[in-house]
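Notes for the one structure printed next.
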Amino acid sequence: MPKKHTYVLGLNTYDHDVSACLLRDGEIAYAIAKERITREKHATGFYKEVIDYCLDAEGITLDDVDLVVRNCYILPVPEMEDRLLYQDLPGFLPEYERADAKSHPHFLSRSDKVVSISHHLAHAYSAFAVSPFEEGVVMIVDGVGSYRSDVNEAFPESDAATPLARESESYYKFSGSKLECLKKVWMEPDRGFLSDEFYNMPGLGALYSRASTYIFGDWNKCGELMGLAPYGRHGNVPSLMQIKDNTLTVPRWTSELNKPYIMDSDQKWETSPLMKHWEDLAWRVQDDTEKVLLARAAWLRETTDAKNLCIAGGVALNCVANGRVARESGFENVWIQPAAGDDGIAIGCAYYGWVEILKQRRSFVMDHSYVGKRYSDQEVADSTSKFLVRIQTTQTKSNDIAKDTAKLLADQKVIGWFQDRSEFGPRALGNRSLLADPRKPEMKDILNSRVKHRQPFRPFAPIVLHERAKEIFEGEEDSPFMLIAKNVRPEWRDKIPAIVHVDGTARVQTVREETNPTLYRLLKEFDALTGVPVLINTSFNVKGEPIIETPRDAVICFLTTGIDHLVMHDTLVSKNAMHKVVGPLVNTYTEVATMVMSNMKPA
1 MPKKHTYVLG
11 LNTYDHDVSA
21 CLLRDGEIAY
31 AIAKERITRE
41 KHATGFYKEV
51 IDYCLDAEGI
61 TLDDVDLVVR
71 NCYILPVPEM
81 EDRLLYQDLP
91 GFLPEYERAD
101 AKSHPHFLSR
111 SDKVVSISHH
121 LAHAYSAFAV
131 SPFEEGVVMI
141 VDGVGSYRSD
151 VNEAFPESDA
161 ATPLARESES
171 YYKFSGSKLE
181 CLKKVWMEPD
191 RGFLSDEFYN
201 MPGLGALYSR
211 ASTYIFGDWN
221 KCGELMGLAP
231 YGRHGNVPSL
241 MQIKDNTLTV
251 PRWTSELNKP
261 YIMDSDQKWE
271 TSPLMKHWED
281 LAWRVQDDTE
291 KVLLARAAWL
301 RETTDAKNLC
311 IAGGVALNCV
321 ANGRVARESG
331 FENVWIQPAA
341 GDDGIAIGCA
351 YYGWVEILKQ
361 RRSFVMDHSY
371 VGKRYSDQEV
381 ADSTSKFLVR
391 IQTTQTKSND
401 IAKDTAKLLA
411 DQKVIGWFQD
421 RSEFGPRALG
431 NRSLLADPRK
441 PEMKDILNSR
451 VKHRQPFRPF
461 APIVLHERAK
471 EIFEGEEDSP
481 FMLIAKNVRP
491 EWRDKIPAIV
501 HVDGTARVQT
511 VREETNPTLY
521 RLLKEFDALT
531 GVPVLINTSF
541 NVKGEPIIET
551 PRDAVICFLT
561 TGIDHLVMHD
571 TLVSKNAMHK
581 VVGPLVNTYT
591 EVATMVMSNM
601 KPA
């Protein structure tokens, strides 16, 4: 029987945000990050779960896959796997995954159909290959990429660096399926211990992560750093980097900034006497980042005369900087890949295989990110039929779930919203979301205290009907992936205060009927009731956890937080009187069981 389709599998492996993307005849069939499956934020390690997820969803086996393309930014995948055989590196391959890895046909594979590529090349393909543009330029900026010695693409030799320098920025131009590197910015290695080397590297993304570590004790809290920045006092901290004649200079982290970011155990972050200093530093690093990115974009436009710009890499998740680039850089169009961070590497690997290795035309446009698998109505029903769920809830089938949910939202209820296929990337874009009414400022505090349990300074994002966006938010640029911050028009700020950040901006997601008809219909119903075509949209999770993936994840989050109602497909799930009795008992039992198991030692 002849094979029906050509399949290419892209993988981001071993370090943070392990992920997979399966192409079917050049279109994204499925994509998933490991964290959604294992429930471990930014999950590292082996990639069996993400491969199995995509293959199971498509109904195929590994034998049906024509090509596998992988990346690991630490080392090329073959070398990384060789080292994992004799080095105990639990952060990259924990003990409980070693057996699965050693028995997997892709581990230590020498097959011609298993290929590895370098980091920024994968980011570049993730940006331009699924963009709506036939030609344009690409900006890749992240924390750290591949070693120069491991980069498997042609680049200008004028960008001098030693073999152990690491990628920091890469710039390209493209036409059709042809990609050409115009410039790379390298970071030379630094003396250090464990991650200290990365923190002291002279790069834009590395500096942002260094500031994140300094303020929050975690290199990967860059989104929080961006949210904190508007509270800072302008000019209180000297500039941390400069760009002149397209050359970036990043001085070493100064001794004045060597205050400890690891606090005493009895000290709360929110009440630290360093708070004003942290706010000022956040403003400085954000302002410096925006200026550097604008300068780079201006250089790229002026030297290429391109009209279209594509952006990816971890720094592309900075929606405030993206907004300025979109409005001020002079490009007619700016497109940002929704999984711009390292989970999106899987997309780039897959399209490198499709375009560069298989020599196929690029024709797919990623106009939405709903590329998880579908869960059936039966799977939804099964998740609510468990005894401990049934006795705490009532469940009602709705003939018009959008209208019924809109009424609950207008009545100030917090809704867990589970629909269709999950979003790929770090943003909840309306299929795995918590939704709420933006018309009262206290809703922000309600969400933080009852559900999200996160820092009160962090803003909540709005979703808005695409055709009404310009009426409410400034700027012509579309923002379907919640990756561009816009100013809220003054006449609307008092109407939707719960989504307006302290600087008058909002991280906007525009919603079109053709890409998410259910969410679009919900916004239309809420607008009909309230005259406001906007809702609060935040990720369906609690602080420290990944966004939910399955109906079971949704039910657990619903029952263990202050979410008022859960909507899954056309089913409305509500807590009944027994929840107040059973819920605390279940939570206590779970916590005790977890403590007991964690303290048990093998005999």
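Quick note on numbering: the sequence shown equals residues 1 to 603 in the UniProt record's numbering. For every residue, glycine included, the Cβ atom is placed at its ideal position computed from N, Cα and C.
| query | result |
| --- | --- |
| Run through the stretch 271 to 320 for me and flag every whole alpha helix (DSSP H) of 4 or more residues, listed as ranges in chain order. | 275 to 304 |
| Under three-state DSSP, which class holds residue 448? | helix |
| Assuming residue 78 is part of the beta strand (DSSP E), what are its boundary residues? | Run containing residue 78: none in the beta strand (DSSP E); it sits in the alpha helix (DSSP H), 77 to 86. |
| So, with DSSP's three-state summary, where would you put residue 565? | strand |
| CB-CB under 8 Å to residue 512, same chain, minus the five flanking residues each way: which ones, in chain order? | 466, 480 and 520 |
| Please state whether DSSP places residue 543 in a helix, a strand or coil. | coil |
| Report the start-end ranges of each beta strand (DSSP E) in the stretch 159 to 195 that is 3 residues or longer and not cut off at the edges. | 166 to 175 and 178 to 187 |
| If you run the structure through DSSP and keep just helix, strand and coil, what is residue 214? | helix |
| Among the candidates 528, 189 and 541, whose CA atom is the shortest distance from the CA of residue 566? | 541 |
| Check the DSSP bridge columns for residue 395 and list the partner residues they point to. | 573 |
| Closest to residue 136 by C-alpha separation, out of 156, 106, 177 and 108, would be which residue? | 177 |
| Would residue 312 and residue 340 qualify as a contact pair, given that the criterion is a beta-carbon distance under 8 Å? | yes |
| Around the C-beta of residue 99, are 16 or more other C-beta atoms found within 10 angstroms, so that it is buried, or is it exposed? | exposed |
| Taking all protein chains shown into account, do 16 or more other C-beta atoms lie within 10 angstroms of the C-beta of residue 281, making it buried, or fewer, making it exposed? | buried |
| If the criterion is Cβ atoms closer than 8 Å, does the pair residue 334 and residue 142 meet it? | no |
| Cα separation between residue 4 and residue 25? | 9 Å |
| At the level of alpha carbons, what is the spacing between residue 380 and residue 372? | 16 Å |
| Look at the alpha carbon of residue 308 and the alpha carbon of residue 536, and state the distance between them as a whole number of angstroms. | 31 Å |
| Between the beta-carbon of residue 510 and the beta-carbon of residue 469, is there less than 8 Å? | yes |
| Alpha carbons only, please: which of 422, 324, 184 and 327 is nearest the one belonging to residue 368? | 422 |
| For residue 450, does the count of other Cβ atoms within 10 angstroms reach 16, so buried, or fall short, so exposed? | exposed |
| What beta strand (DSSP E) runs, 3 residues minimum, are completely inside the stretch 404 to 436? | 415 to 418 and 432 to 436 |
| Run the CB neighbour count on residue 71, radius 10 Å, all protein chains shown included, and call it buried at 16 or more, exposed below. | buried |
| Taking contact to mean at least 3 C-beta pairs separated by less than 8 Å, is the stretch 26 to 36 in contact with the stretch 350 to 363? | yes |
| Determine the burial state of residue 96: buried for a count of at least 16 other Cβ atoms within 10 Å of its Cβ, exposed for fewer. | exposed |
| Taking the C-alpha atoms as reference points, what is the distance between residue 154 and residue 148? | 11 Å |
| Give the list of continuous beta strand (DSSP E) stretches no shorter than 3 residues that lie fully inside the stretch 437 to 513. | 461 to 465, 484 to 487 and 505 to 511 |
| Report buried or exposed for residue 258, applying the criterion of at least 16 other Cβ atoms within 10 angstroms of its Cβ. | exposed |
| Using a Cβ-Cβ cut-off of 7 Å (strictly less than) and excluding sequence neighbours within five positions of residue 392, which residues of its own chain qualify? | 559, 575, 576, 578, 579, 582 and 583 |
| Residue 236: buried (16+ other C-beta within 10 angstroms of its C-beta) or exposed? | exposed |
| Going along the chain, which unbroken runs of the beta strand (DSSP E) with 3 or more residues stay wholly within the stretch 98 to 161? | 114 to 116 and 135 to 141 |
| If you draw a straight line from the alpha carbon of residue 76 to that of residue 152, how long is it in whole angstroms? | 10 Å |
| Quick one: residues in its chain with C-beta nearer than 7 Å to the C-beta of residue 227, no 5 flanking neighbours on either side, listed in chain order? | 457, 458 and 459 |
| Ends of the beta strand (DSSP E) at residue 557? | Segment 551 to 559 is the alpha helix (DSSP H) holding residue 557; no beta strand (DSSP E) there. |
| Along the chain, where does the beta strand (DSSP E) containing residue 60 start, and where does it finish? | Taken as a continuous stretch (DSSP letters only), residue 60 belongs to no beta strand (DSSP E), as it is neither H nor E. |
| Let's see if you can read the secondary structure: which residues bound the beta strand (DSSP E) around residue 679? | Given that the chain is displayed from residue 1 to residue 603, the structure contains no residue 679 and the question cannot be resolved. |
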